[in-house]
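One structure below.
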Amino acid sequence: MSTLHVLSHSPFTDSRLDSCLRLCGAQDAVLLCGDATYALQAGCSAFRALQAKPLNVFVLTEDSQARGLQVPDWACAVDYPAFVQLSIEHDKVNTWL
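The numbering of the sequence shown is the numbering used here, which starts it at 366 and goes up by one.
Structure representation (structure tokens):
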């Protein structure tokens, strides 16, 4: 069973991303939106943690562009229709509020 984990909070203000990555399985995926896209800042611990974990990482294009962040080659930029499709493709969606 696969889960899409949706994160929207900055990885620099709390530990949601770390907790999420500890729980993620091989079939799971992570979608970064809102301030969670700050995890894409190359060299930060959140960037290294996402890069090291063998899972699919997706990023809402609108949010990364709004923050002037480049999407690395190991992540996939998606729009809102693709976000909906990801939600359908996974058995569960877990939003880290």
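All C-beta atoms in this analysis are idealised placements derived from N, C-alpha and C, irrespective of residue type, glycine included. As the structure is a computational prediction, the values presented were derived from the model and not from experiment.
Compare the Cα-Cα distances from Gln430 to each of Ala394, Thr368, Phe412, Thr402 and report the closest residue.
Thr402
Beta-carbon spacing of Ala411, Pro376 below 7 Å
yes
For the stretch 377-388 against the stretch 425-443, do three or more pairs of beta-carbon atoms, one drawn from each stretch, fall closer than 8 Å, so that the two count as touching?
no
Which of the three DSSP states is assigned to Ala404 in this structure?
helix
Name the DSSP beta bridge partners of Cys409, please?
None, per the DSSP bridge assignment.
Excluding the five sequence neighbours on either side, which residues of its own chain have a C-beta within less than 8 Å of the C-beta of Lys457, listed in chain order?
Met366, Ser367, Thr368, Leu369
Quick one: is Asp428 buried, meaning 16 or more other Cβ sit within 10 Å of its Cβ, or exposed?
buried
If we ignore side chains and look at the alpha-carbon of each, how far apart do Ile453 and Arg413 end up?
28 Å
Got a sec, what are the start and stop residues for the beta strand (DSSP E) Ala440 sits in?
440-443
Measure the CB-CB distance between Leu372 and Leu405 and report whether it falls below 7 Å.
no
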